[in-house]
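Colleague:
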Amino acid sequence: MAFKPAVSLTEQIADHLSNEIITGRLAPTERIQELRIAKDLGVSRGSVREALLILEGRHLIDIIPRRGAVVSTLDPDGMEGLLELASDLVTLLFQRVARRTAGAENGVMEPLSASLDCLTRSLDEDDEHFVSAKFEFVQAAFPLAENPYLATVLEHLLPAVHRVTQQASAHPSYDRGDTLRFAKGLLEAIREQQSERIEELVHGHFRRERRLALDAIVH
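In short: position in the sequence shown from 1, add 18, done, that's this note's numbering.
#1: Pull up the DSSP beta-bridge partners for ALA231, would you.
#2: Hey, could you find the ends of the beta strand (DSSP E) ALA87 is sitting in?
#3: What span of residues does the alpha helix (DSSP H) with ILE40 cover, start to end?
#4: What first and last residue would you give for the beta strand (DSSP E) that runs through ASP80?
#5: Taking the C-alpha atoms as reference points, what is the distance between THR91 and VAL182?
#6: By DSSP's criteria, ARG49 is part of a beta bridge. Which residues make up the other side?
#7: Would HIS180 and PHE155 qualify as a contact pair, given that the criterion is a beta-carbon distance under 8 Å?
#8: Which residue marks the beginning of the alpha helix (DSSP H) containing GLU173, and which one marks its end?
#9: Quick one: any contact between the segment 89-105 and the segment 29-49, if contact means 3 or more CB pairs under 8 Å?
#10: Just confirm the distance between the C-beta atoms of VAL13 and GLN184, as a whole number of angstroms; I'd bet it's less than 8 Å.
#11: Who are the Cβ neighbours of VAL171 in its own chain at under 8 Å, not counting the five residues just before and after it?
#12: Could you check whether the segment 32-44 touches the segment 62-81, counting it as contact only if at least three pairs of C-beta atoms, one from each stretch, sit closer than 8 Å?
#13: Under 8 Å by Cβ, that's how I've got LEU110 and ALA201 pegged, so tell me the actual separation to the nearest angstrom.
#14: Thinking THR28 and ALA69 are a contact (beta carbons under 8 Å), I'd like their distance in whole angstroms, please.
#15: Short of 7 Å in beta carbon distance, which residues of its chain neighbour ALA159, apart from the five on each side in sequence? Order them along the chain.
#16: Indicate the three-state DSSP secondary structure (helix, strand or coil) for VAL61 in the structure shown.
#17: Given a cut-off of 8 Å, decide if LEU230 and HIS189 are closer than it, judged by their beta-carbon atoms.
#18: For SER36 and LEU101, I'd like the C-alpha separation in whole angstroms.
#19: Would ARG194 and LEU232 be called neighbours here (beta carbons separated by less than 8 Å)?
#20: Secondary structure at ASP95, three-state DSSP: helix, strand or coil?
#21: For ASP144, name the three-state secondary structure that DSSP assigns.
#22: Look at the Cβ atom of ALA178, then the Cβ atom of GLU227, and state whether they are nearer than 8 Å.
#23: For the alpha helix (DSSP H) that PRO190 lies in, which residues bound it at each end?
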């Protein structure tokens, strides 16, 4: 049995601020005001500072000497590098899931199936909830891949990717159906042990989202 520790106060603050950045409520280059956040959330300034270190590790803020923490920018070069790495790691994640679950009992894929059901239901919700459901689908694969090092790297990287996807979802051409078809196709490829198909699906999905996010930034 795996124990899931309670989320610490620092992590709760970091998750709250991550969501503010991902959804654009905290804009690029905006300064993070520690005192105001501490007052608004009813926490100590020290806890906020610890949370900011987590956000820096998630590539959502930059901590600048004598200026403090500011929301990182979404420039094309940075986005390109981020999504190139993320697509390779997510491909590796799902390919490992396919290998590790080969010949396993029928119920072993239930976490991914349940996450796909949640993604399907979220089609009728707003973009913020739908995009979050997509990343919950990816995170559901972590224990199935049985590689804590890969999971840790992705845990730190996915918030920045989530931010890009949220940006892409604002584009008029963004189609939730593409994401749902991607997830369904991925689950089928995992069950059929189709490693090359997994790579094709993941890289194609990331290319589409990169194109939409870049276009949204330019316009």
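Glycine residues also receive a C-beta, built at the ideal position from the N, C-alpha and C atoms.
Source: prediction; values computed, not measured.
Modeller: Well, looking at it:
#1: Paired residue(s): none; ALA231 is not in a bridge.
#2: 86-89
#3: 27-40
#4: For ASP80, the enclosing beta strand (DSSP E) has its first and last residue at 79-82.
#5: Going from the Cα of THR91 to the Cα of VAL182 covers about 11 Å.
#6: Partner residues in the beta bridge of ARG49, as assigned by DSSP, are VAL88.
#7: no
#8: Going by DSSP, GLU173 is part of the alpha helix (DSSP H) stretching over 166-186.
#9: yes
#10: A query on residue 13 cannot be resolved here, the shown segment of the chain reaching from 19 to 237 and no further.
#11: LEU107
#12: yes
#13: That belief does not hold up - the Cβ atoms of LEU110 and ALA201 are roughly 17 Å apart, past 8 Å.
#14: Taking a contact as a CB-CB distance under 8 Å, the pair THR28 and ALA69 counts as one, their CB atoms being some 5 Å apart.
#15: LEU111, PHE112, VAL115, LEU130
#16: In this structure, DSSP gives VAL61 a state outside helix and strand, which the three-state scheme calls coil.
#17: LEU230 is positioned such that its CB atom lies closer than 8 Å to that of HIS189.
#18: Looking at the two C-alpha atoms, the distance is approximately 18 Å.
#19: no
#20: Residue state, collapsed to three classes: helix.
#21: coil
#22: no
#23: Taken as a continuous stretch (DSSP letters only), PRO190 belongs to no alpha helix (DSSP H), as it is neither H nor E.
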